[in-house]
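Data first, discussion second: the structure below is written as structure tokens.
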Amino acid sequence: DAKTTQPTSMDCAEGRAANLPCNHSTISGNEYVYWYRQIHSQGPQYIIHGLKNNETNEMASLIITEDRKSSTLILPHATLRDTAVYYCIVRVVDTDKLIFGTGTRLQVFP
Amino acid sequence: EAEVAQSPRYKITEKSQAVAFWCDPISGHATLYWYRQILGQGPELLVQFQDESVVDDSQLPKDRFSAERLKGVDSTLKIQPAELGDSAMYLCASSPDRGYGYTFGSGTRLTVV
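Chains as they are written, first to last, in the working numbering: chain A, 1 to 110; chain B, 111 to 223.
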């Protein structure tokens, strides 16, 4: 299974863009990149996913490098409520599993 | 917005006792997952159902854990006997079909004393 590497923690000022990196250098051509986040004591929440093109929705943008070996999740205007653990996951397509790592703990400060 | 319901929200049990958790997925979701999350770690998949059938239970400690989804709707995860190391958050998730995104419930936090 393709593995992901994320920084353990990051800080971001409220109102600024939060850019969360993820390395997935062993990703296969038919594997998607998914992002979830988990606010304290809640279940993980889906944010966005992509295959090779950049994606944007109401929550965030996902930038995937051309070689697909890394990606960046962008929260354009971080708020205090965005403080959470963010998981970058490579989807194992044929088994349909989501395999979580330890994620990045994002702290948004006033 | 449709939600995955889990109960109880919190459970404290003594070691060697039996404990059960319940999950009601979003209506119409065929695929259901149980995850375990130890404090400070990411969720770990325990079992995956497609309708009433188990698709993957390779990570389920079958000597003490069992899971069922009898009518392909709600599901129960049981631990008997509970051990101190079972203290964790137990998360349920569902999706409309394989290949779609998951929706997670709020989880059951289990403390074994």
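Here a beta-carbon is modelled for each residue, glycine too, at the ideal position from N, C-alpha and C.
Is residue i helix, strand or coil by DSSP?
i	result
D184(B)	coil
L194(B)	helix
L201(B)	strand
D166(B)	strand
D82(A)	helix
S25(A)	coil
D96(A)	coil
L62(A)	strand
V148(B)	Here residue 148(B) is Ile; the residue named in the question, Val, does not match the sequence. Correct three-state label for I148(B): coil.
Q116(B)	strand
H139(B)	coil
A130(B)	strand
T102(A)	coil
L51(A)	coil
A177(B)	strand
R37(A)	strand
A13(A)	strand
T123(B)	strand
Going by beta-carbon coordinates alone, are residue i and residue j separated by less than 7 Å?
i	j	result
T141(B)	Q160(B)	yes
T104(A)	Q6(A)	yes
T218(B)	F131(B)	yes
P153(B)	L201(B)	yes
S70(A)	N23(A)	yes
Y32(A)	Y46(A)	no
L106(A)	Y86(A)	yes
M199(B)	Q147(B)	yes
I48(A)	E55(A)	yes
G101(A)	T8(A)	no
V114(B)	K121(B)	no
Please list, in chain order, the chain C residues whose beta carbon lies closer than 8 Å to that of residue i.
i	result
L201(B)	The displayed structure is made up of protein chains A and B, and chain C is not among them.
Suppose the cutoff is 7 Å on Cβ atoms and the five residues either side in sequence are ignored; what does the same chain contact list for residue i look like?
i	result
K52(A)	I64, R68
V165(B)	Q158, F159
E19(A)	What sits at residue 19(A) in the sequence shown is Asn, not Glu. Same-chain partners within the cutoff: T72, I74.
L155(B)	Y143, Y145, Q169
T83(A)	L106, Q107, V108
T79(A)	E14, V108
Given residue i, which residues of its chain have a CB within under 6 Å of its CB, disregarding the five upstream and five downstream residues?
i	result
S185(B)	C133, L142, R179
S176(B)	K188
D206(B)	A quick correction: the sequence has Pro, not Asp, at residue 206(B). H139.
P76(A)	A17
Considering only residues of the same chain and omitting the five flanking positions on each side of residue i, which have a CB-CB separation below 8 Å?
i	result
K125(B)	P191, A192, E193, L194, V222, V223
Classify residue i as buried or exposed, calling it buried when 16 or more other Cβ atoms lie within 10 Å of its own Cβ.
i	result
S204(B)	buried
A17(A)	exposed
R81(A)	exposed
G43(A)	buried
G215(B)	buried
L98(A)	buried
P135(B)	buried
L220(B)	buried
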